[in-house]
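Step one of this worksheet: look at the structure below.
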Amino acid sequence: MASIARVKERAEEQSTSMSTDQQSAIRMLANDLHRLNQSVMNAVEAGVSVELVRSARHHGGEGNWGDLLIPVIVTKNP
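Under the working numbering, the first residue of the sequence shown is numbered 120, with each subsequent residue one higher.
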């Protein structure tokens with residue numbers, strides 16, 4: 120899991136150049152992503168396949184953007 124450690128290290132390096140508001144927003148995003156990943160795993164364990172697909176891109180007006188996602192769910196016929 121060296122790559123995960125490196126990702127965390129890179130994120131910490133980048134956060135030092137962010138404002139307090141930006142750091143707070145990133146922490147909130149990370150927490151929400153963790154919960155989303157847990158929900159995806161729970162759905163998979165319940166017997167469905169989950170794919171997250173970009174549905175749109177939000178532009179902040181100053182060159183910033185973010186991808187918006189929707190789930191595509193596939194179930195097996197019982």
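Glycine included, every Cβ here is placed at the ideal spot set by N, Cα and C.
DSSP-derived helix/strand/coil call for residue i
i	result
residue 109	This structure leaves residue 109 out entirely; the chain is present only between 120 and 197.
residue 165	coil
residue 143	helix
residue 131	helix
residue 138	coil
Nearest-angstrom beta carbon gap, residue j and residue i [assumed within contact, 8 angstroms]
i	j	result
residue 135	residue 167	So it is not a contact: roughly 40 angstroms between Cβ atoms.
residue 187	residue 174	5 angstroms
Nearest neighbour of residue i, chosen from the options [CA to CA]
i	options	result
residue 172	130, 125, 192, 127	192
residue 189	139, 159, 138, 127	159
Sheet register partners of residue i (DSSP bridge)
i	result
residue 176	186
residue 170	191
Short CB-CB distance (under 8 angstroms) between residue i and chain C
i	result
residue 187	Absent here is chain C; the protein component of the structure consists of one chain.
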